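Quick notes on the structure that follows.
Residue numbers (my numbering), protein chains in the order written: chain A, 1 to 172; chain B, 1001 to 1393.
Below is the structure:
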């Protein structure tokens, strides 16, 4: 099911943990869709000096978090912002179709932490940690039914092939 | 280290006696049971012998009431769609429960797309259907009630006899999905009082690709497969004779060894539940403490996610499951676990452990020892664990 790289990052996740004096924290996901990721950044001189994560989720979610921290570490803020969902999935040697949303979540968590850093720097009032991520189709990525793997059209909530409800929804 | 299988609900190895019967049937050569020559005749005899063994296992009054199918899923589709189509002129309303297997759910959803109406009754925190809810759900145009015997994710056994007395009184056909019960626990279709009962061969160590449907005489149900006159006109298609021979032998062994198997499972399950708190904390045992499958334990480990546990345990050569294999790969939390009131995160961290004949009490200890380490690793990774314990201090 998973590539060797995914299994390696799952078995030996890099940069696990928290940073006590982090100056950027991002949290995305909810248990309803299966995964929650928290990213901690320590940014010095506009560069990611240290990055740690904690993830509640499947094998893919853990591997995505781990890979992402490796990719982001040492990068400038501008470089890190450019890391996309696709870059993470590609670096992992691909993900099963119905697990691509995990890679979305990973990059979202990093971007959310970067935004938190910039907000703090600009002394914007610190909002609630972002828990709800709107599901977006980025760069022509498609959604697939988790039950039968058939492509699901934009905005569809019932799979036309297997008749099961497929909307992820949000937990309140 | 050798592989430890604690995922018997997903697949079982064939018993040696079953293998021998199937291999010798292959070697002896076989014909088409419908043919009128000697080889056909011999095959037909083998087929009917297997039917008698299965009828004896479920105490069917006549072997003719047993129809062989290709799997439990086919049996369920046959029962539900077959009754719906045969009784469409009488009504288009079905009653089911919130915790059925996908073969029931999807069969019924397909019928919904064709204009049928459905009432799905809730379950209590143990996963039990209340017979009162079934009574209330039945309408004048209700043609079928379909409730499972034992749930495949939490093991809870439903009050089938009580529901059957309701459906009998209201003259509504009653189908029971007993795929994870037949051959595992004593099942008596006459005592249960059901009209249709689906089962499969693999849960009691017969081959995959064979199942059966008990159809009480006089039940109005159309075939799912149309064609020849096989299976007393109830299921067309040349029979999977080798598979059915294996099923027959597995049924004989299940009947013969039922008591010994039940006491072995009881011992393993008790050992598991007694030892578990010595290895992990913060968990929930799902299902009914008394009315439950003897070979299944469902446990929700808080703050961590099931697939990660399964993958890590697999690295230790231990096979377990997060939920039914049919549904794994699905990203949604189990409808069964949400129906009994678990939170989403708890549902995501649920393991299904199913014991088999080769398991010993040593296996339970090996599993728990590995589980302890896995839970520790994953909780260390989990933002939920951190949060829960921060608020405590």
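No residue lacks a Cβ here, since even glycine has one placed at the ideal position from N, Cα and C. Since the structure is predicted, the reported quantities are computational estimates derived from the model, not experimental observations.
Residue i burial status per 10 Å Cβ neighbour count (16 or more: buried)
i	result
residue 1260 of chain B	exposed
residue 101 of chain A	buried
residue 122 of chain A	exposed
residue 1023 of chain B	exposed
residue 1287 of chain B	buried
residue 1309 of chain B	buried
residue 1062 of chain B	exposed
residue 1026 of chain B	exposed
residue 1324 of chain B	Note on residue 1324 of chain B: pLDDT 49, under 50, position unreliable in the model; the coordinate value appears next. Under this definition residue 1324 of chain B is a buried residue.
residue 108 of chain A	buried
residue 72 of chain A	buried
residue 1363 of chain B	buried
residue 1093 of chain B	buried
residue 140 of chain A	With a pLDDT of only 45 at residue 140 of chain A, under 50, the local geometry of the prediction cannot be trusted, and the value read off the model is given with reservation. Exposed, because fewer than 16 other Cβ atoms sit within 10 Å of the Cβ of residue 140 of chain A.
residue 1234 of chain B	buried
residue 1340 of chain B	buried
residue 1 of chain A	exposed
residue 1218 of chain B	exposed
residue 1011 of chain B	exposed
residue 1256 of chain B	exposed
residue 1149 of chain B	buried
residue 1167 of chain B	buried
Given residue i as reference, the closest of the options once Cα atoms are compared
i	options	result
residue 104 of chain A	A:26, A:89, A:45	A:89
residue 36 of chain A	B:1129, B:1381, B:1390	B:1381
residue 1175 of chain B	B:1238, B:1082, B:1169, B:1090	B:1082
residue 113 of chain A	A:80, A:98, A:94	A:80
residue 1336 of chain B	B:1223, B:1232, B:1153	B:1153
residue 1229 of chain B	B:1278, B:1053, B:1034	B:1034
residue 1159 of chain B	B:1170, B:1199, B:1178, B:1114	B:1178
residue 1054 of chain B	B:1370, B:1144, B:1245, B:1377	B:1245
residue 68 of chain A	A:117, A:29, A:92	A:92
residue 1157 of chain B	B:1170, B:1123, B:1135, B:1142	B:1123
residue 98 of chain A	A:83, A:60, A:109, A:72	A:60
residue 19 of chain A	A:51, A:2, A:12, A:7	A:51
residue 1031 of chain B	B:1164, B:1367, B:1242	B:1242
residue 1116 of chain B	B:1087, B:1263, B:1127	B:1087
residue 1085 of chain B	B:1070, B:1102, B:1112, B:1028	B:1112
residue 1097 of chain B	B:1199, B:1108, B:1120	B:1120
residue 1237 of chain B	B:1319, B:1015, B:1069	B:1069
residue 1129 of chain B	B:1355, B:1079, B:1095	B:1095
residue 1344 of chain B	A:21, A:53, A:30	A:30
residue 10 of chain A	A:62, A:42, A:45	A:62
residue 1019 of chain B	B:1167, B:1051, B:1071, B:1206	B:1206
residue 6 of chain A	A:124, A:119, A:111, A:96	A:96
C-beta neighbour in chain B for residue i, strict 8 Å
i	result
residue 14 of chain A	no
residue 55 of chain A	yes
residue 59 of chain A	yes
residue 69 of chain A	no
residue 18 of chain A	yes
residue 11 of chain A	yes
residue 86 of chain A	no
residue 5 of chain A	no
residue 135 of chain A	At residue 135 of chain A, the pLDDT of 44 sits below 50, so the modelled position is not reliable; the number obtained from the coordinates is stated separately. Output row for residue 135 of chain A: interface = no.
C-beta neighbour in chain A for residue i, strict 8 Å
i	result
residue 1144 of chain B	no
residue 1048 of chain B	no
residue 1304 of chain B	yes
residue 1257 of chain B	no
residue 1296 of chain B	no
residue 1371 of chain B	no
residue 1311 of chain B	yes
residue 1315 of chain B	yes
Partners in chain B for residue i, counting only beta-carbon separations shorter than 9 Å
i	result
residue 36 of chain A	1345, 1382, 1383, 1384
Under 7 Å from the C-beta of residue i: neighbouring residues of chain B
i	result
residue 62 of chain A	1308, 1381
Per-residue contacts from residue i into chain A (C-beta, under 7 Å)
i	result
residue 1247 of chain B	Within 7 Å Cβ-Cβ: nothing; residue 1247 of chain B doesn't reach chain A, min ~28 Å.
My parser needs the beta strand (DSSP E) runs of 3 or more residues fully inside the segment 1102-1168 of chain B; what are they? 1117-1121, 1142-1148
Of all the alpha helix (DSSP H) runs that stay within the bounds of the segment 1192-1257 of chain B, which reach a length of 4 or more residues? 1230-1233
Runs of beta strand (DSSP E) wholly within the segment 5-30 of chain A (minimum 3 residues, chain order): 24-30
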